[in-house]
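Participant:
Number of protein chains: 2
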Amino acid sequence: MITVLAGGVGGAKLVLGLANLLNSEELTVVVNTGDDEEFYGLHVSPDIDTVIYTLAGLSNEAVGWGITDESFRTLGRLKEYGMETWFNLGDLDLATHIVRSKLLKDGLSLTEVTECLAKSVGVEHSILPMSNGDAKTIVHTEVGKMSFQEYFVKNRCEPIVRHLEFGGGDVNFPSNEVSSALEESTALILSPSNPYLSINPILALSGFREDINNFKGIKIAVSPIVGGKALKGPAEKLLREMGADVSALGVARQYVDICDVFVIDKQDTELTNDIKSLGMNVVVTDTVMNSKQDKVTLAKAILELCE
Amino acid sequence: MITVLAGGVGGAKLVLGLANLLNSEELTVVVNTGDDEEFYGLHVSPDIDTVIYTLAGLSNEAVGWGITDESFRTLGRLKEYGMETWFNLGDLDLATHIVRSKLLKDGLSLTEVTECLAKSVGVEHSILPMSNGDAKTIVHTEVGKMSFQEYFVKNRCEPIVRHLEFGGGDVNFPSNEVSSALEESTALILSPSNPYLSINPILALSGFREDINNFKGIKIAVSPIVGGKALKGPAEKLLREMGADVSALGVARQYVDICDVFVIDKQDTELTNDIKSLGMNVVVTDTVMNSKQDKVTLAKAILELCE
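Keeping their order, the protein sequence lines are chains A and B. According to numbering that gives the first Met the number 0, the first sequence is numbered sequentially starting from 0. According to numbering that gives the first Met the number 0, the second sequence is numbered sequentially starting from 0.
Dropping the structure here:
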């Protein structure tokens, strides 16, 4: 079995490729929940939803979030009730949050709820929230601290980030299902998601780094930075603000002691030796995933490394 | 001040007429919450919403419930998640239930929440839930007991009703706001709502009948039955199943000791003496409210009785 750590869009793309090649017993996806947030009393898990919607063929790839053919009628009325509506909850998407919140209220864990939601839309692969705890990411910026979604959506990633605080710490643990998946896996893949905002919240869970240190299989990370640019989202800006190189090398430095193989794009071939000097093997391939075929091809290349 | 007891559609029509003639200090509407129900963890108050939507000009008069120009996209996806979707929650309507549930979760009373919702859509008159307690109506039928909405919507009022159980009893009281409104009022109006399903749940609240007995002003009821037929809903069927006359007289008998004046339609003129013999005065007028003018005209006739 292979376990993948994923955030939102970038992770979901690779997961879609892998899910096309592996059956449900062979793939587990551990998803960041540091960006979960409650809106109007409803529990929203944006990264989990992006992964589920992507695997279910529901996702709106044009905008990179939510469900295709979405509408925003409920949100329009919420605004008329004086609610804050900076987080774009669509009518179709809302059903997910309503069901999730209802099942959580009934006493199910986020892991159980996620399984229900995934199965309902025909997703058979195991999608696991990183934790059943409340492990929110707090973004400390020059204009004050805020939740991930306040930073990401409300403030469009504009505030300069000073540091990130992860809700993992001593309090929140990976779920039992996540720990079991790691134990049973022969490969761990860090998907090309934002290292600071999507992968680090998972790594910050209490005991998770130790689990990785004890992990016997191969550990592979895929760079979300290609040619010095983030394919999506604020990774570029964040690397700069955190004082890191805005490059695949900058990302690789985050994963020292975490991964054995670092996968970079052909555009970044010249970084090979620098990354190798961090103590990792480097694999150079096409990592930009536009078409479905791109996703499957990258997944296939990664699976070959696992064998 | 005038206090009106109201259920859904019939009550809302008269309330609209009254609201056109009285300012916000002169009219308080006490609304049945016996048909409140939770769907997917969201608190739905159908009668309150019908009154608010009607006063706000939002209601879908063609179907008799909900908001005009409604859509059902969230509900469609809730169905795909395996949820029961027999209660038609529209996308626009859902915003109301989301806000209500959120504010209740925040600790506001249903009375406070209702005031927020009403004010947000420009309704200045005081719309009061009959109680802040959980005073649900249980319908005991030949096929078992069920909540009001299960009876009314899921089973389309088809099961034969044996008796009705009101959640008022010893536990639930009228809210302080309802009691204060009664104390300050010079007239109490029982709107032409279903006596069994809309008015009796209010009357069943602990202490409410005593409050009415002590009430010094005039008490006026309007028949929801005209020419032996209910203008809307299952009042006719229910009168029959409860062994009552399917007529304005049958309704009047429910209100013995409750009202001083019973208002009937011109079509029912021949019932005048029978109703008078119950110890009430009878006023004969046009009670069928189709147009807005009908509503205002009936409201005006009632207000003349109050003077």
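Idealized CB from N, CA, C, for every residue including glycine.
#1: Could you tell me the alpha carbon to alpha carbon distance between residue 267(A) and residue 50(A), rounded to whole angstroms?
#2: Any beta carbon of chain A sitting closer than 8 Å to that of residue 97(B)?
#3: Thinking residue 46(B) and residue 62(B) are a contact (beta carbons under 8 Å), I'd like their distance in whole angstroms, please.
#4: According to DSSP, is residue 16(A) helix, strand or coil?
#5: Anything in chain A within Cβ reach of residue 70(B), meaning under 7 Å, just list it in chain order.
#6: Using C-beta distances below 6 Å, list every residue in its chain close to residue 307(B), excluding the 5 sequence neighbours before and after it, in chain order.
#7: Please look up how many angstroms separate the CB atoms of residue 238(A) and residue 2(A), rounded, as I've assumed it's under 8 Å.
#8: Determine the extent of the beta strand (DSSP E) in which residue 128(A) is found, giving its start and end residues.
#9: Cα-Cα, which of 164(B), 141(B), 166(B), 216(B) is closest to residue 156(B)?
#10: Checking contacts by CB at 8 Å: is residue 94(A) closer than that to chain B?
#11: Cβ atoms of residue 91(A) and residue 84(A): under 8 Å apart, would you say?
#12: I need the straight-line Cα distance from residue 243(B) to residue 88(B), nearest angstrom please.
#13: Whole angstroms is fine: what's the gap from residue 162(B)'s alpha carbon to residue 281(B)'s?
#14: Look at the alpha carbon of residue 28(B) and the alpha carbon of residue 191(A), and state the distance between them as a whole number of angstroms.
#15: Please list the segments of the beta strand (DSSP E) lying wholly inside the segment 163-217 of chain A, counting only runs of 3 or more residues, in order along the chain.
#16: Shortest alpha-carbon distance to residue 56(B) belongs to which of 209(B), 189(B), 123(B)?
#17: Around the C-beta of residue 199(B), are 16 or more other C-beta atoms found within 10 angstroms, so that it is buried, or is it exposed?
#18: One question on the structure: do residue 263(A) and residue 283(A) come within less than 8 Å of each other, judged by their Cβ atoms?
#19: I want to verify the contact list: residues of chain B whose CB lies under 7 Å from the CB of residue 76(A), in sequence order.
#20: Along chain B, which residues have their Cβ under 8 Å away from the Cβ of residue 43(A)?
#21: Using a Cβ-Cβ cutoff of less than 8 Å, which residues in the same chain neighbour residue 222(B) once the five nearest sequence positions on both sides are dropped?
#22: From the DSSP output, in three-state form, read off residue 289(A) for me.
#23: Where residue 120(B) and residue 15(B) are concerned, what is the direct C-alpha to C-alpha distance, given to the nearest angstrom?
#24: If residue 171(A) sits next to residue 205(A), beta carbons under 8 Å apart, how far is it from one beta carbon to the other, in whole angstroms?
#25: Closest to residue 217(B) by C-alpha separation, out of 236(B), 258(B), 240(B), would be which residue?
#26: Residues of chain B with CB closer than 9 Å to the CB of residue 146(A), please, in chain order.
#27: Determine the burial state of residue 67(B): buried for a count of at least 16 other Cβ atoms within 10 Å of its Cβ, exposed for fewer.
#28: Measure how close the beta-carbons of residue 135(A) and residue 166(A) come, nearest whole angstrom, since I'm counting them as under 8 Å.
#29: Could you list which residues in chain B have their beta carbon closer than 7 Å to that of residue 39(A), in chain order?
#30: Would residue 79(B) count as contacting chain A if we go by Cβ distances under 8 Å?
#31: State buried or exposed for residue 176(B), treating a residue as buried only when at least 16 other CB atoms are found within 10 Å of its CB.
#32: With respect to the alpha helix (DSSP H) encompassing residue 97(A), which residues constitute its N-terminal and C-terminal limits?
#33: Say whether chain B places a C-beta atom closer than 8 Å to the C-beta of residue 245(A).
#34: Do residue 194(B) and residue 253(B) count as a contact pair if the criterion is CB distance below 8 Å?
#35: Cβ of residue 20(B) less than 8 Å from any chain A Cβ?
Facilitator: Looking at the atomic coordinates:
#1: Within the first sequence, the letter at position 268 stands for residue 267(A). Within the first sequence, the letter at position 51 stands for residue 50(A). Inter-residue distance for residue 267(A) and residue 50(A) is about 27 Å (C-alpha atoms, whole angstroms).
#2: Residue 97(B) sits at position 98 when you count from the first residue of the second sequence. True, the Cβ-Cβ gap to chain A drops below 8 Å.
#3: Here residue 46(B) is taken as the residue at index 47 of the second sequence, counted from 1. Here residue 62(B) is taken as the residue at index 63 of the second sequence, counted from 1. Contact between residue 46(B) and residue 62(B) does not hold, since the beta-carbon distance rounds to 16 Å and is not under 8 Å.
#4: One-based indexing of the first sequence puts residue 16(A) at position 17. Three-state DSSP puts residue 16(A) in a helix.
#5: The residue you call residue 70(B) lines up with position 71 of the second sequence. Close to residue 70(B), with beta-carbon spacing below 7 Å, are these residues of chain A in chain order: 72.
#6: The question about residue 307(B) has no answer, for chain B in this structure spans 0 to 306.
#7: To locate residue 238(A), count along the first sequence from 1; it is residue 239. To locate residue 2(A), count along the first sequence from 1; it is residue 3. By a beta-carbon distance limit of 8 Å, residue 238(A) does not contact residue 2(A). Their separation comes to about 25 Å.
#8: Reading the first sequence from its first residue, position 129 is the one you call residue 128(A). Segment 125-128, the beta strand (DSSP E) holding residue 128(A).
#9: Here residue 156(B) corresponds to residue number 157 of the second sequence, with the count starting at 1. Residue nearest to residue 156(B) within the set 164(B), 141(B), 166(B), 216(B) is 141(B) (criterion: CA-CA distance).
#10: By 1-based counting over the first sequence, the position of residue 94(A) is 95. For residue 94(A), the answer is yes, since a Cβ of chain B falls inside 8 Å of its Cβ.
#11: As a working mapping, residue 84(A) is identified with position 85 in the first sequence. As a working mapping, residue 91(A) is identified with position 92 in the first sequence. Contact flag unset, no.
#12: Indexing the second sequence from 1 puts residue 243(B) at position 244. Indexing the second sequence from 1 puts residue 88(B) at position 89. The alpha-carbon of residue 243(B) is positioned some 34 Å away from that of residue 88(B).
#13: The residue you call residue 162(B) lines up with position 163 of the second sequence. The residue you call residue 281(B) lines up with position 282 of the second sequence. Approximately 29 Å between the Cα atoms of the pair.
#14: On the second sequence, position 29 is the one that residue 28(B) refers to. On the first sequence, position 192 is the one that residue 191(A) refers to. When rounded, the distance between both Cα atoms is 58 Å.
#15: The segment 163-217 of chain A contains these whole beta strand (DSSP E) runs: 186-189.
#16: Here residue 56(B) corresponds to residue number 57 of the second sequence, with the count starting at 1. The shortest Cα separation from residue 56(B) among 209(B), 189(B), 123(B) belongs to 123(B).
#17: As a first step, residue 199(B) must be located in the second sequence, where it is residue number 200. Buried, because 16 or more other Cβ atoms sit within 10 Å of the Cβ of residue 199(B).
#18: Taking the first sequence and counting its residues from 1, the one referred to as residue 263(A) is at position 264. Taking the first sequence and counting its residues from 1, the one referred to as residue 283(A) is at position 284. In this structure, residue 263(A) sits near residue 283(A), with a CB-CB distance shorter than 8 Å.
#19: As a first step, residue 76(A) must be located in the first sequence, where it is residue number 77. Neighbours of residue 76(A) on chain B, chain order: 91, 94.
#20: Taking the first residue of the first sequence as position 1, residue 43(A) is located at position 44. The CB of residue 43(A) never comes closer than 8 Å to any CB in chain B; the least such distance is about 12 Å.
#21: As a first step, residue 222(B) must be located in the second sequence, where it is residue number 223. The beta carbon of residue 222(B) sits closer than 8 Å to the beta carbons of 191, 247, 250, 251, 261, 262, 263, 264, 267, 286 from its chain, once the five residues preceding and following it are set aside; these are given in chain order.
#22: Mapped onto the first sequence, residue 289(A) falls at position 290. The DSSP-derived three-state label of residue 289(A) is coil.
#23: On the second sequence, position 121 is the one that residue 120(B) refers to. On the second sequence, position 16 is the one that residue 15(B) refers to. Each residue's Cα considered, the two are about 15 Å apart.
#24: Indexing the first sequence from 1 puts residue 171(A) at position 172. Indexing the first sequence from 1 puts residue 205(A) at position 206. Yes, they are in contact, since the Cβ atoms of residue 171(A) and residue 205(A) sit about 6 Å apart, within 8 Å.
#25: Counting from one through the second sequence, the residue named residue 217(B) turns up at place 218. The closest CA to that of residue 217(B), considering only 236(B), 258(B), 240(B), is found on 258(B).
#26: As a working note, residue 146(A) is residue 147 in the first sequence. Neighbours of residue 146(A) on chain B: none; closest Cβ ~17 Å, over 9 Å.
#27: Your numbering for residue 67(B) matches position 68 in the second sequence. With fewer than 16 neighbouring CB atoms inside 10 Å of its own CB, residue 67(B) falls in the exposed class.
#28: Here residue 135(A) refers to the residue found at position 136 of the first sequence. Here residue 166(A) refers to the residue found at position 167 of the first sequence. Between residue 135(A) and residue 166(A), the beta carbon gap of about 4 Å places them in contact (Cβ cut-off 8 Å).
#29: Translated into the one-based positions of the first sequence, residue 39(A) becomes position 40. The CB of residue 39(A) comes closer than 7 Å to the CB of 97, 98, 101 in chain B, given here in chain order.
#30: In the second sequence, counting from the first residue as 1, residue 79(B) sits at position 80. Answer yes: the Cβ-Cβ gap between residue 79(B) and chain A drops below 8 Å somewhere.
#31: If you number the second sequence from 1, residue 176(B) lands on position 177. That one is buried.
#32: Along the first sequence, read from residue 1 onward, the residue named residue 97(A) stands at position 98. Per DSSP, the unbroken alpha helix (DSSP H) holding residue 97(A) starts and ends at 90-104.
#33: Within the first sequence, the letter at position 246 stands for residue 245(A). Residue contact check for residue 245(A) against chain B: no CB pair falls below 8 Å.
#34: Reading the second sequence from its first residue, position 254 is the one you call residue 253(B). Reading the second sequence from its first residue, position 195 is the one you call residue 194(B). Going by C-beta atoms, residue 253(B) is nearer than 8 Å to residue 194(B).
#35: As a working mapping, residue 20(B) is identified with position 21 in the second sequence. Between residue 20(B) and chain A, the shortest Cβ-Cβ separation is not below 8 Å.
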